[in-house]
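In the working numbering, the protein residues as written are 3 to 425.
The block underneath contains the structure these notes are about, expressed in structure tokens.
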Ligand code: AMP
Ligand code: GLY
């Protein structure tokens, strides 16, 4: 197949690497230097849907795979499908399960899908009423911007003062119009897990479970990030817990989306909180593959992954296209620029990439650029280092050994990825 992959992160690099194994010709946009070692550059200049569709026609593209949420939320799939181009990723309306927390929470409430107790508010609601609801939940409580906020729109408030400052920030434009509506919800205790359901809207296939590490600091402390590392499968998701997740969350959500005339076709990412009794609630849904979970999860996928995504794009999932590797464990550790997720410097030369000998290691690029024939840092999350092995510990040992040989100024990474599972 001729495939165009939209995106420029380590997630897209990992997806393209999987596609490479089955005789496909792959283009990427915007891409990154790592991606362009295995995929072709396009002549595209911007995320203009019309230009993308012309490119697809000129190059006989059979399938477009969309990595990030932004183009999905803007309706790229709808546009391409109108031009008879197969696209993997939900429609604009279905993407609202991620791009509007108010829609997503209201959907869960309406269809009895387990999630934290909540109410949504907007700028024009009275502060007394909002505070009264907050106090009724008891602290800590969670405030979420309704719209897309690059993973930064969630705040945990420990008392009413923090809460008032937070909602004032949101309502006065901290996240532009994404924060003019908010969700206020109960704080959930437990352990998080990510489940990816590849679905044509009716039937679905689950990829191995994963656990992300969202906080910047070791021991899960400090600010939330896009994700600092992941492993798969996540032992917290036992077979019994997974069965319940399917029956109480995945299946009802797909049916709910059908009932709302928003058939969800693509990767439904359920971010879950699993409590000590093994009950799962939805923290959030995303309308795409997670990053960095995908880098680890795909290590456990064999077969024709591109064929699977194509079958979904044309509306009838072929669950036989891939096989899941059993008895292996995959991990991913992110190398970041010190200062991320706040301010950081860019442009530092990355050394050691060409010296990695371990065949059991994959290096995916995220925030990198090419300058004077060298690879330099160009973002907060710079590289994803991935390995699969016979034990979780061995996969992480492979990664940490590799990390000691890759160097750049201000290199930062968490040294405790997998700590929960290793305990
Ligand atoms: P979200 O963007 O909704 O996934 O939120 C980002 C992170 O904030 C989650 O991965 C959780 O670690 C945390 N979080 C969000 N909502 C809640 C909640 N209701 N209770 C506890 N933690 C939460
Ligand atoms: N790993 C978190 C996300 O992709 O949103």
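The beta-carbon is built from N, C-alpha and C at its ideal position, and this holds for glycine as well.
So what does DSSP say about residue 188, is it helix, strand or coil?
Mapped onto the chain shown, residue 188 falls at position 186. Three-state DSSP puts residue 188 in a strand.
Can you tell me whether residue 49 is helix, strand or coil according to DSSP?
The residue you call residue 49 lines up with position 47 of the chain shown. Residue 49 falls in the coil class under three-state DSSP.
Cutting at 8 Å between CB atoms, please list the residues of its own chain near residue 180, excluding the five before and the five after it.
Position 178 of the chain shown, counting from 1, holds the residue named residue 180. 147, 148, 149, 150, 151 and 155, listed in sequence order.
Is there at least one non-hydrogen atom of the ligand AMP closer than 8 Å to the beta-carbon of residue 275?
One-based indexing of the chain shown puts residue 275 at position 273. For the ligand AMP, at least one heavy atom lies less than 8 Å from the Cβ of residue 275.
From this set, 229, 3, 113 and 161, which residue's C-alpha is nearest residue 368's C-alpha?
Taking the chain shown and counting its residues from 1, the one referred to as residue 368 is at position 366. The shortest Cα separation from residue 368 among 229, 3, 113 and 161 belongs to 229.
Report the residue ranges of all beta strand (DSSP E) runs contained in full by the segment 315 to 359; include only those spanning at least 3 residues, in chain order.
The segment 315 to 359 contains these whole beta strand (DSSP E) runs: 324 to 326 and 331 to 343.
Under 5 Å from any heavy atom of the ligand GLY, by CB: list those residues in chain order, please.
The set, ordered by position in the chain, is 214, 229, 292 and 293.
For residue 80, report the span of its alpha helix (DSSP H) as first-last.
Numbered from 1 along the chain shown, position 78 holds the residue referred to as residue 80. 78 to 84 is the span of the alpha helix (DSSP H), which, as asked, contains residue 80.
Alpha carbon to alpha carbon, what distance is there between residue 291 and residue 110?
Counted from its first residue, the chain shown places residue 110 at position 108. Counted from its first residue, the chain shown places residue 291 at position 289. Their backbone Cα atoms lie some 20 Å apart in a straight line.
Are three or more beta carbon pairs between the segment 306 to 314 and the segment 217 to 233 nearer than 8 Å?
No, the segment 306 to 314 does not touch the segment 217 to 233.
So is the beta-carbon of residue 183 under 8 Å away from any non-hydrogen atom of the ligand AMP?
Mapped onto the chain shown, residue 183 falls at position 181. The answer is no for residue 183.
Within 8 Å: the Cβ of residue 52 and any heavy atom of the ligand ZN?
The ligand content of the structure shown is limited to the ligand AMP and the ligand GLY, which means the ligand ZN is not among them.
Any C-beta of chain B sitting closer than 9 Å to the C-beta of residue 212?
Any reference to chain B falls outside this structure, which holds one protein chain only.
Between residue 105 and residue 112, what straight-line distance do the alpha-carbon atoms span, to the nearest angstrom?
Taking the first residue of the chain shown as position 1, residue 105 is located at position 103. Taking the first residue of the chain shown as position 1, residue 112 is located at position 110. When rounded, the distance between both Cα atoms is 10 Å.
Contact defined as beta carbons within less than 8 Å: I believe residue 276 pairs with residue 193. What is the distance between those atoms, to the nearest angstrom?
As a working note, residue 276 is residue 274 in the chain shown. As a working note, residue 193 is residue 191 in the chain shown. So it is a contact: roughly 5 Å between Cβ atoms.
Under 7 Å Cβ to Cβ from residue 92, same chain only, skipping five residues before and after it: list those, please.
Residue mapping note: residue 92 aligns to position 90 of the chain shown, counting from 1. 74, 79, 266, 267, 268 and 289, listed in sequence order.
Do residue 16 and residue 386 come within 9 Å of each other at the CB atom, strictly closer than that value?
Stepping through the chain shown from its first residue, residue 386 is reached at position 384. Stepping through the chain shown from its first residue, residue 16 is reached at position 14. Cβ atoms of residue 386 and residue 16: closer than 9 Å.
What do you reckon, are the CB atoms on residue 283 and residue 270 nearer than 9 Å?
The residue labelled residue 283 in the question sits at position 281 within the chain shown. The residue labelled residue 270 in the question sits at position 268 within the chain shown. No, the pair does not count as a contact, with Cβ atoms beyond the cut-off.
Quick check: does the Cβ of residue 158 come within less than 8 Å of any heavy atom belonging to the ligand AMP?
Here residue 158 refers to the residue found at position 156 of the chain shown. Yes, Cβ of residue 158 sits closer than 8 Å to a heavy atom of the ligand AMP.
Look at the alpha carbon of residue 65 and the alpha carbon of residue 3, and state the distance between them as a whole number of angstroms.
Taking the first residue of the chain shown as 1, we reach residue 65 at position 63. Taking the first residue of the chain shown as 1, we reach residue 3 at position 1. Their Cα atoms are separated by approximately 8 Å.
Measuring only the C-alpha atoms, how far is residue 54 from residue 140?
Taking the first residue of the chain shown as 1, we reach residue 54 at position 52. Taking the first residue of the chain shown as 1, we reach residue 140 at position 138. If you take the alpha carbons of residue 54 and residue 140, they lie about 49 Å apart.
Return yes when the C-beta of residue 259 is under 8 Å from any heavy atom of the ligand AMP, and no when it is not.
One-based indexing of the chain shown puts residue 259 at position 257. Result no, Cβ not under 8 Å from the ligand AMP.
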